[in-house]
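To start, the structure under review is shown below, and the notes come after it.
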Amino acid sequence: MKAAAGAGESPADRAERPVTTLRGVGAALAERLGKLGVTRVADLLFVLPLRYEDRTQVTAIGQLGPGKRAAVEGEVLLTEVAYRGRRQLLCRISDGSGMLTLRFFYFSGAQQANLARGTRLRCFGEARRGPLGLEMVHPEYRRLGHEAVPLEENLTPIYPLTGGVPQGRLRALVGEALREMDRATVRDWIPPEAGLPEGLPSLGEAVSYLHHPPREARHEELAAGRHPAQRRLAFEELLAHHLSLKVRKRALKTDPAWALTDEAGLTRRFLAGLPFALTGAQRRALDDAERDLVTGVPMARLVQGDVGCGKTVVAAAAAARAAGSGFQATLMAPTELLAEQHWRNLRDWFHPLGETVALVSGSQPPRARRSALAAIASGEVRIAVGTHALFQEGIDFKRLALVIVDEQHRFGVQQRMRLQEKGQKEGRLPHQLIMTATPIPRTLAMTAYADLDISVIDELPPGRTPILTVVIPEQRRAEVVLRIVEACRAGRQAYWVCPLIDESDELRAQAAEETAATLSAALPGVRVGLVHGRMPSAAKDAAMLAFKAGKIQLLVATTVIEVGVDVPNATLMVVENAERMGLAQLHQLRGRVGRGTEASTCVLLYRAPLSPLARERLKVIRDTTDGFEIARRDLALRGPGELLGTRQTGLAQLRVADLMRDADLLPQVQEAAEVLLASYPLNIAALAARWIGDDERYGRVG
Ligand code: ADP
Ligand code: MG
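Residue numbering for the sequence shown follows our numbering, starting at 199 and increasing by one per position.
And the structure:
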């Protein structure tokens with residue numbers, strides 16, 4: 199389809215032209231451009247620079263400092279090949295104000311000849327300190343003749359690198375695309391009544407500005423991503439992503455689901471049998487879920503609540519509703535430890551009601567697993583708890599109507615959707631209830647999880663005493679060991695979380711074993727147990743059960759206990775090498791204590807010296823136990839990409855926008871989305887094509 203740019207072609211047609219219609223773009227280059235999401239000429243305009251360089255002026259060499267990126271001009275004094283570990287070409291230039299060495303590790307004979315003494319050069323690169331004074335390694339350069347060569351008039355954009363498309367080539371292609379398209383072809387898909395934020399330029403202005411910012415552009419503002427032109431595009435990008443999630447949600451809601459009316463009244467009996475009453479916040483979250491479950495429209499609800507707020511019981515009550523309606527529910531947990539704990543809790547809650555709960559985990563004995571699977575397939579068991587083994591092949595539910603995903607930050611969107619597809623029978627989709635302890639601010643959540651409805655549990659069960667957190671250098675480890683003795687004497691229990699020495703399970707396990715041995719020797723009167731990820735599941739089970747039953751007083755563990763483990767009598771937690779852990783992880787770990795009525799302490803041991811970031815993290819975790827506050831601080835320290843993990847939200851990688859930096863745009867993004875959803879379906883598709891492409895994250899997994 200190589201359509202030439204004919205005279206009768208309208209600007210809009212030109213925008214649709216494939217990129218191969220540009221001069222010099224053959225199949226090979228087109229393929230590499232495809233990896234950048236560029237298939238049409240217009241797509242080039244949305245490959246946005248990562249940063250800019252100022253080549254609009256020449257800096258005197260004498261004014262250069264290490265780390266400065268600048269253009270300089272000078273005359274070659276000497277060019278020689280040197281052997282300093284490696285063959286290299288060194289070229290000394292001077293402009294009268296100072297001297298600079300250019301260093302090339304890759305060079306040709308012709309290049310060497312071109313840099314003969316007396317040649318005048320203009321170079322651009324980053325100055326750094328070298329053995330001969332300031333130097334530039336592999337600078338870009340050109341030879342200057344006698345006539346003046348004009349400097350750049352605009353800041354030079356630096357584009358994201360893709361395998362095999364050189365900067366210069368990409369820059370030229372974008373330039374060509376800009377030149378040959380008048381601005382009208384960059385179609386603005388945001389209708390006027392959708393309301394852009396005040397003071398932002400038009401789309402066409404924003405695009406051309408960002409590819410060619412004028413010399414006087416505010417460089418810092420651009421570098422910070424706060425320029426109105428960037429905000430204009432960030433708005434559009436956020437809108438595109440938000441809309442895709444909304445569209446996905448809407449599509450989901452057009453499928454029918456089973457209406458779970460609980461004729462058997464199991465939910466009521468379940469709640470009546472609990473040893474406690476639900477908190478107001480738990481009640482509200484459950485009400486939200488129940489309203490969804492009775493409708494016959496698939497529920498897609500996120501229950502957000504800090505560690506220890508009691509999400510499990512809300513999930514279990516929803517499962518009761520499914521079972522009481524004659525259907526099946528399944529609860530998926532991210533680790534075997536947690537799956538087993540949930541299974542035990544649910545079993546104890548449901549057993550008196552005559553309801554069997556099955557466990558499916560990857561490591562259970564084959565016979566137990568086979569019989570669990572058979573009971574699930576026959577419909578004999580209505581509530582199944584497990585790990586991701588639940589959505590592996592060979593598992594067949596008889597009438598699955600509710601999928602519950604616990605600690606969803608550990609799962610990908612894909613896994614969640616796979617489990618849902620497992621249950622798709624007779625044209626009905628199972629309801630989804632998703633539990634997360636990632637307490638992100640509400641506006642952020644509404645964008646990141648726009649494919650879900652959200653309930654927040656913002657209240658802890660009554661009677662909890664706040665956790666005291668102390669930060670102690672590891673030299674004072676002996677003191678900490680004494681605290682364990684005290685806690686155990688008082689009839690309490692403790693966790694000792696071993697350092698994050700390595701990404702390897704094996705090394706972690708080994709460290710945990712050694713620590714357990716050392717502590718056991720140091721604490722003769724204390725019963726010490728051990729759990730780590732490499733232990734056989736039966737041994738892990740046994741240790742957890744013994745800890746829960748109080749037979750083990752000190753549990754030495756790796757971060758496997760990070761999520762969900764619930765032993766209210768444990769009141770002391772020691773975390774080794776806390777300086778290596780992230781805020782969210784520390785918060786989760788600490789959430790293992792403070793679950794009963796006794797006061798709890800969390801001791802964070804660290805090894806000096808602390809990096810500024812580690813120091814800040816430890817301070818935050820010491821000063822607050824409020825998950826929302828910690829998340830806010832975490833956002834400020836790390837940025838949302840890492841906090842949320844693009845994996846767990848429906849949000850793919852963002853190009854210009856940044857959820858945190860541009861959070862102030864989100865309310866208007868949400869309003870604009872409503873306008874487009876109501877009246878502009880075609881624009882939604884166009885925005886998605888521009889910003890998201892056919893990213894499979896947004897499709898159903900086949
Ligand atoms: P999380 O939200 O972190 O998953 P859990 O569901 O593990 O929290 O609950 C933490 C602890 O609080 C459990 O021991 C649970 O039995 C208890 N719990 C939950 N709800 C209540 C309540 N309303 N009153 C008292 N204790 C509760
Ligand atoms: Mg939990």
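Every residue, glycine too, gets a C-beta built ideally from N, C-alpha and C.
Environment of residue i [buried if 16+ CB atoms lie within 10 Å]
| i | result |
| --- | --- |
| Y647 | buried |
| V279 | exposed |
| R626 | buried |
| S523 | buried |
| A886 | buried |
| G272 | buried |
| F468 | buried |
| T756 | buried |
| R580 | buried |
| A303 | Here the sequence assigns Phe to residue 303, which means Ala is not the residue at that position. The residue is exposed, with fewer than 16 neighbouring Cβ atoms inside 10 Å. |
| E777 | buried |
| H439 | buried |
| N881 | buried |
| T510 | buried |
| H344 | exposed |
| D860 | buried |
Closest by C-alpha distance to residue i, when choosing among the options
| i | options | result |
| --- | --- | --- |
| L536 | R424, A346 and H730 | H730 |
| L852 | F322, V405, F433 and H410 | F433 |
| V555 | T533, R565 and A521 | A521 |
| Y804 | E704, G689 and V668 | V668 |
| A692 | T716, V791 and E712 | V791 |
| E214 | L491, L227, L242 and K233 | L242 |
| P532 | W694, L588, L220 and A747 | L588 |
| Y250 | E229, G283, E418 and L231 | E418 |
Own chain residues within Cβ distance below 8 Å of residue i, not counting five before or after
| i | result |
| --- | --- |
| E333 | L298, T299, L300, R301, A325, R326 and R327 |
| I828 | P637, L781, A782, H785, V818, I819 and T822 |
| L450 | P496, A498, L627 and D649 |
| K444 | A648, D649, A871 and L875 |
| E338 | C321, F322 and G323 |
| P264 | A325, R326, R327 and L332 |
Cβ pair residue i, residue j closer than 9 Å
| i | j | result |
| --- | --- | --- |
| L464 | E553 | yes |
| G794 | R662 | yes |
| S798 | I665 | yes |
| P734 | S561 | yes |
| E644 | Q502 | Sequence inspection shows Met at residue 644; the Glu mentioned does not correspond to that position. Contact: no. |
| Q526 | F595 | yes |
| L342 | Q255 | no |
| V583 | V603 | no |
| L491 | R519 | yes |
| T376 | S400 | First, the residue type needs correcting, since residue 376 is Leu and not Thr in the sequence shown. No. Outside cutoff. |
| P355 | V335 | no |
| L246 | L408 | yes |
| E677 | N775 | no |
| L227 | G362 | yes |
Continuous beta strand (DSSP E) stretch holding residue i: start and end
| i | result |
| --- | --- |
| P807 | P807 -> no beta strand (DSSP E), and no H or E assigned at all. |
| E324 | R318 to G328 |
| G503 | A498 to G503 |
| S653 | D651 to I655 |
| Q786 | That residue, Q786, is in no beta strand (DSSP E); its alpha helix (DSSP H) goes L781 to R788. |
| L331 | Note that residue 331 corresponds to Gly in the displayed sequence, not to Leu. Its beta strand (DSSP E) spans residues G331 to V335. |
Close-in-space but distant-in-sequence residues of the same chain around residue i (CB under 7 Å, 5 per side omitted)
| i | result |
| --- | --- |
| F305 | L287 |
| G478 | E657 |
| L275 | R290, I291, S292 and R315 |
| E711 | L728 |
| A483 | V501, V512, S653 and I655 |
Contact set for residue i: own chain, Cβ-Cβ below 6 Å, skip 5 residues either direction
| i | result |
| --- | --- |
| L841 | Caution applies to L841, whose pLDDT of 48 falls short of 50 and renders its modelled position unreliable; the value that the coordinates give is listed next. D832 and L833. |
| G891 | G235 |
| R898 | Caution is warranted here: a pLDDT of 33 is assigned to R898, below 50, making its placement in the model unreliable, and the coordinate value is therefore given only provisionally. Around R898: no qualifying Cβ. |
| G839 | Low confidence applies to G839: its pLDDT is 49, below 50, so where it sits in the model is not reliable, and the reading given next is rough at best. Nothing meets the Cβ criterion. |
| Q866 | P395 |
| L313 | V274, T277 and C289 |
Continuous alpha helix (DSSP H) stretch holding residue i: start and end
| i | result |
| --- | --- |
| E345 | It is not in any alpha helix (DSSP H) - E345 carries neither H nor E in the DSSP assignment. |
| F548 | E534 to F548 |
| I682 | R675 to R687 |
| G727 | Looking at the DSSP string, G727 is not in any alpha helix (DSSP H); the run it does join, the beta strand (DSSP E), is V726 to V729. |
| F305 | Unbroken run through F305: none, as it is neither H nor E. |
| E488 | G478 to L491 |
Residue i CB to nearest heavy atom of the ligand GTP below 8 Å
| i | result |
| --- | --- |
| N767 | As far as ligands go, the structure on display features the ligand ADP and the ligand MG and does not contain the ligand GTP. |
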